[in-house]
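S.K.: Okay, so the sequence shown: first residue is 1 according to our numbering, each after it adds one.
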Amino acid sequence: EFNTPFNIPPFERIMAGHYMPAFEKGMADGRKEIEQIIKNREEPTFENTVEALDRSGELLTTVSLVFYAQTGSNTNDSLQAIDLEISPKLSAYNDEILLNPDLFGRIKHVYDNQAKFNLDAEQRYILENLYKGFVRNGANLKKEDQDSLKKVNQELSVLTVKYSQNVLEETNSYKFFVNKEDLEGLPESVISAAAEAANSAGQEGKWAFTTQRPSIFPFITYSPNRVLRRTIYDAYINRGNNGNEFDNNELLADVVRLRAERARLLGYKTHSHVILEPRMAKVPENVFSLLNNLWEKALPVAKNEVKEMQRIIDREGGKFKLEPSDWWYYAEKLRKQKYDLNDNELRPYFKLENVREGAFTCANNLFGITFVPLSGVPLPHPDAQAFEVKDADGSHTGVLFMDFFPRESKEQGAWCVTYRNHHITDGKTITPIVTTNFNFTPQSGEMPSLLSLEEVSTLFHEFGHALDALFNRNTYNQTYIAWDFVELPSQLMEHWVTEPEMLNNYAKHYQTGEVIPATLVKKIKNSSYFNQGFDNVEILAASMLDMAYHTLEAPAIVDAQKFEKEYLTKIGLIPEIISRYRSTYFLHIMDGYDSGYYSYTWAAVLDNDAFEAFKEKGIFDKATAELYRTSILAKNGIMDPLQMYINFRGREPVIEPLLRNKGLMPQ
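Following this line, the structure appears as structure tokens:
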């Protein structure tokens, strides 16, 4: 127990030196608790074995959740060193549990005799996934194979951490300084942020750009200087591939090899077969079937987009072929030409604070919940904002942190993590603490943080993950969320972003307070299919590359650059588009999305179909929202995902809404 409001971790009092002793104490406590379960002379039951295991390791869970949330959003050299030291120890500790024959024997007894224990649906689901998880992690292997497995697991635990640290270090080490004449075409908010970045780097009178998304993408979208666009884009796509101390080519090859070896030891054909077994997809063939289906539809659309942009280049007298570093600049010109719309027109209406309040209003309209700003509570970083989340009846639901801006101690991208999950301990309900992390361009002087439309969607996306965690009503610490279902709540929230009713609520000009004009709303709707070829192809390419690596059978020896190039050529990726992530900075596949990046596409089938239910009854229909909350959000991780979806939708999902919304089928 922390002596803090809502039992929030006391972040400001936690020093780097506290973590290793806390980890060691957590593991020691956990070992004692496991020993007590094993030494119990009574017949194994759900209560004395499964529930007891769920209650064990509480300190270690708390320390781990805080530590890994902090290493993602506010790391330093000390935390990175601890990460490399503790990862193999935690791997060994987990193997002690998963490969303990006496503990597995008790779990197997409960599993084999579950009919006599009068278990409820949640308990049956937890038990089945627990038992199969032990088997899938080597509980049935011979001792010598278990020893080999432990060694592989420890090696992987270090390599994946090192890979992620290399990406962060390489990203932070790159700064691209330009002069005043190089700022032509750039939005004022981007120029202000670049000036501040240069000042911070001791280069007053210059402007600095980095390979962080809020910096590089506005530059390559608006700068007419093709040489500069290519320079910074090449730095972005070659992170981890520069033959220096941050090079990730060998690390990736080692990870792929070891994952294939791990699968072989476990008796599976490939790493993908291990990973997909408990998920909705079940086998790699089902993943490839979906990805190939969409690839065949998206690639011709992308090729047509290339032709349209090449026509602009030719008309302007450019004697060159479109290249990947040109895409954003000419796509923006094409959008202006086809829809009379550009991102600079929209940004003034998307002030960060207004967008945040828009997300809160959306959740209030759907579920009746409110977000009350908290002051005087511990914060994971001084930049973070804290809110108490209250249900419609005023009762406490949880705490939400929002951390919006980039810094060198923070990973790129956007993500949501929990510091504490909903569960019940000794009859007491423990409520969630959740944080959403972003990398938006911060306020600079008088210029507030103004978001692009894509960034607005990102905020709603991570907010959807937060709602999933806040609304979960599981009894136990351990949940089993299918990874290809996990993106449904996040991607579903994105659908409200451009609904006229929603835009009228939050899209207000940062200077005048004027609500976004109906003409702009119409242009946003009209341009909804814009650039969909590119958007689909780059994410599908990354998903297929991930699957290609992880469907290799042992010994799986690869040269990362050669493998990537040959595979993407084989599937027909056009030279004007580069995979969303390349092999040396594909952080997802080092952090839980290995053989799982397809999950965004799999969930897109679900979220597009699910939003149809809201459109049928009204996008803020209370009954539909309540059914969604009780059928899916409250049950996520404690019920079969397909059954949850059927309970909400009344049927299995269909792909047609996705194809329609992505412009991949006739209207």
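Where is the CB? At the ideal position from N, CA and C, for every residue including glycine.
Quick caveat, the model's predicted, so the values are computed rather than measured.
1. Measuring CA to CA, which of P380, N364, A482 and V515 is closest to T75?
2. By Cβ distance, which residues of its chain are closer than 7 angstroms to S409, with the 5 residues on each side in sequence left out?
3. Please classify N249: does DSSP put it in a helix, a strand, or coil?
4. Quick check: the Cα distance between I115 and A139, rounded to an integer number of angstroms?
5. Under the DSSP definition of a beta bridge, which residues are partnered with H396?
6. When the Cα atoms are used, what is the spatial distance from T61 to Q478?
7. Going by alpha carbons, who is nearest to T431 out of P448, S395 and L451?
8. Verify whether the separation of the beta carbon atoms of E462 and T436 is less than 8 angstroms.
9. Return yes when the Cβ of N472 is within less than 8 angstroms of the Cβ of G368, no when it is not.
10. What first and last residue would you give for the alpha helix (DSSP H) that runs through R213?
11. Is the beta carbon of G72 sitting closer than 8 angstroms to the one on E487?
12. If Q561 sits next to G663, beta carbons under 8 angstroms apart, how far is it from one beta carbon to the other, in whole angstroms?
13. Counting C-beta neighbours from all protein chains within 10 Å, is the total for Q443 16 or more, i.e. buried, or is it exposed?
14. What residue does the beta strand (DSSP E) around F209 start on, and which one ends it?
15. List the residues that DSSP assigns as beta-bridge partners of D403.
16. I'd like the ranges of any beta strand (DSSP E) spanning at least 3 consecutive residues and lying wholly in the region 131-180.
17. Kindly identify the DSSP beta-bridge partner or partners of W415.
18. Are the region 305-324 and the region 494-513 touching, with three or more C-beta to C-beta distances below 8 angstroms?
19. Going by the CB atoms, is the gap between L366 and F404 shorter than 8 angstroms?
20. Short check: CB of A541 to CB of R580, under 8 angstroms?
21. Whose CA, out of Y339, L467, E169 and G185, lies closest to the CA of F387?
22. Is the region 44-59 touching the region 125-137 in the sense that three or more CB pairs, one from each, lie closer than 8 angstroms?
23. Flag this pair as yes or no: are the beta carbons of Y480 and L65 separated by less than 8 angstroms?
24. Judging by CA-CA distance, which residue of S91, M665, G202 and I126 is the nearest neighbour of V110?
25. In this structure, how does DSSP classify L451 when only helix, strand and coil are distinguished?
26. Which stretch, first to last residue, makes up the alpha helix (DSSP H) that contains P300?
27. Tell me the DSSP bridge mates of V515?
28. Roughly how far, in whole angstroms, is the beta-carbon of F350 from the beta-carbon of A507, given that I think they are within contact range, below 8 angstroms?
29. Taking R660 as the reference, give the member of A625, D609 and E652 with the closest Cα.
30. List, from N- to C-terminal side, the alpha helix (DSSP H) runs of 4 residues or more that fit wholly inside the region 516-545.
31. Give me whichever residues DSSP pairs with Q337 in a beta bridge.
32. At the level of alpha carbons, what is the spacing between D484 and Y598?
33. Would you call the region 173-193 in contact with the region 276-293, where contact means no fewer than 3 C-beta pairs closer than 8 angstroms?
34. K428 lies in the beta strand (DSSP E); which residues open and close that run?
35. Taking the Cβ atom as the reference point for each residue, do A302 and F534 lie within a distance shorter than 8 angstroms?
36. Distance, Cα to Cα, T160 vs P653?
M.R.: This is what the structure holds:
1. P380
2. N74, T75 and N76
3. helix
4. Checking the sequence shown, residue 115 turns out to be Ala, not Ile. Rounded to the nearest angstrom, the two C-alpha atoms are 23 angstroms apart.
5. K390
6. 11 angstroms
7. S395
8. yes
9. no
10. R213 to Y222
11. no
12. That pair is no contact at about 33 angstroms.
13. buried
14. W207 to F209
15. N437
16. 176-178
17. N437
18. no
19. no
20. yes
21. L467
22. yes
23. no
24. I126
25. coil
26. P284 to R315
27. K508
28. 6 angstroms
29. D609
30. 518-526
31. Partner(s): none; Q337 has no beta bridge.
32. 8 angstroms
33. no
34. K428 to I430
35. yes
36. 35 angstroms
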